């Protein structure tokens with residue numbers, strides 16, 4: 002039993018969800034969500050959902066869990082405290098054979114959940130109070146398929162990253178949180194995305210959008226308008242990033258680069274002038290994959306490393322205050338979630354491996370996701386708490 006987490010739970014605010022959720026597929030067909038109690042690091046509930054469940058998100062009040070079922074074009078909505086299934090919604094238009102939902106995101110400032118589906122290059126918006134579909138928003142002409150979201154409570158827009166089916170060329174779209182109108186962002190700038198990592202993050206206060214990739218882009222944001230977009234060579238060859246509330250931006254680099262990029266107060270004003278207080282290259286490893294924190298106030302950043310120059314990958318744990326890293330090797334590296342700056346959870350083939358961040362070299366037993374060792378399990382997505390980005 003993790004007594005530190007158990008004692009900490011008693012003093013938490015009411016908008017805290019004390020569980021870790023993992024979507025997984027059983028026997029290459031049946032879909033489930035495993036509920037993990039981090040006090041005991043055990044699965045306490047397995048919730049049946051749709052076929053091939055993948056991306057998930059919690060709403061800002063963390064009382065509803067939304068699960069994308071990629072195998073039957075639907076979203077299952079679950080009460081995140083009693084684990085009852087509330088409803089399952091079909092995603093996509095009847096004219097499309099498969100809507101192919103690929104990402105999901107709950108806005109922090111309106112009661113809306115956004116589902117990206119690549120089959121018809123659109124975004125379905127769900128009312129998170131009534132759990133009904135509001136509308137399907139078609140993206141501006143020339144857009145690729147949507148695959149990732151980002152937003153902030155202070156921003157009047159939800160941002161969508163899109164990628165071409167034919168190559169890595171991409172574009173960004175802003176959807177008004179008020180009237181659901183879609184607008185192109187930086188449409189005169191050539192962008193590239195890999196389609197698997199989220200390239201979007203929003204500056205604290207919602208005043209700037211950062212788009213990462215081989216070409217990095219900054220976009221200034223006004224109260225109700227999208228400002229100028231401009232490339233910055235400092236952001237080139239980045240992949241994904243997270244912003245902390247102290248205005249520190251951390252970015253992973255492309256596969257052949259062995260460093261993270263850290264910026265303090267990287268900012269572009271309304272006139273297009275780009276400034277920053279400090280830029281640092283943090284030693285890392287080739288094959289950087291997921292980058293996760295518990296919240297925007299976190300002091301620990303976790304990055305999964307896929308095997309490239311080393312025979313195995315692993316988990317890099319970066320202490321923001323101490324500016325130091327630890328690395329734990331792993332034979333297999335899947336998805337990643339960080340619980341309350343205390344435990345990191347890394348997906349394995351049929352289990353989830355927890356690491357106590359203060360002492361990651363001290364082994365903690367893996368959490369089996371199936372009910373028996375013979376179960377053919379495929380762990381997909383792991384989440385804890387609310388996120389300002391789709392994961």
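Residue numbers (our numbering): 2 to 392. The beta carbon of each residue, even a glycine, is placed where N, CA and C say it ideally should be. As the structure is a prediction and not an experimental result, all values here were calculated from the model.
Residue 56 places its beta carbon 9 Å or farther from that of residue 126. Its chain contains 109, 203, 207 and 389 as the residues whose beta carbon lies nearer than 7 Å to that of residue 153, once the 5 sequence neighbours on both sides are disregarded; these appear in chain order.
For the segment 133-212, there is no continuous alpha helix (DSSP H) assignment of 4+ residues that stays within its boundaries. Annotated as proximal: residue 232 and residue 217, with beta-carbon spacing under 9 Å. By the Cβ neighbour-count rule, residue 131 is exposed, with fewer than 16 other Cβ atoms within 10 Å of its own. DSSP places residue 234 within a helical segment (H, G or I) once states are collapsed to three. In summary, residue 358 is buried, with 16 or more beta-carbon neighbours lying within 10 Å of its beta-carbon over all protein chains present. Counting the other Cβ atoms within 10 Å of the Cβ of residue 209 gives 16 or more, which makes it buried. In this structure, the straight-line span from the alpha carbon of residue 28 to that of residue 377 is close to 5 Å.
Non-local beta-carbon contacts of residue 82 in its own chain, meaning distances under 7 Å to residues more than five positions away in sequence, involve 64 in chain order. Counted as a single uninterrupted DSSP element, the beta strand (DSSP E) harbouring residue 315 occupies residues 314-320. Nearest to residue 260 by alpha-carbon distance, out of 286, 328 and 89, is 286.
Excluding five sequence positions before and after residue 21, the CB atoms of its chain that fall closer than 7 Å to its own CB belong to 37, 39, 338, 340, 346, 383 and 385, given in chain order.
Its Cα nearest to that of residue 60, the residue 107 stands out among 43, 107 and 45. Assigned with DSSP and collapsed to three states, residue 250 falls in strand.
Distance between residue 311 and residue 85, taken at the CA atoms: about 43 Å. Taken through DSSP and simplified to helix, strand or coil, residue 282 comes out as strand.
With contacts defined as CB atoms closer than 9 Å, residue 178 and residue 156 qualify as a contacting pair. In this chain, the beta strand (DSSP E) harbouring residue 25 covers 21-27. Note: residue 110 is not bridge-paired with any residue in the DSSP secondary-structure output. Under the three-state reduction of DSSP output, residue 275 falls in the strand class.
Contact annotation: residue 25 and residue 49 have beta-carbon atoms that are not nearer than 9 Å.
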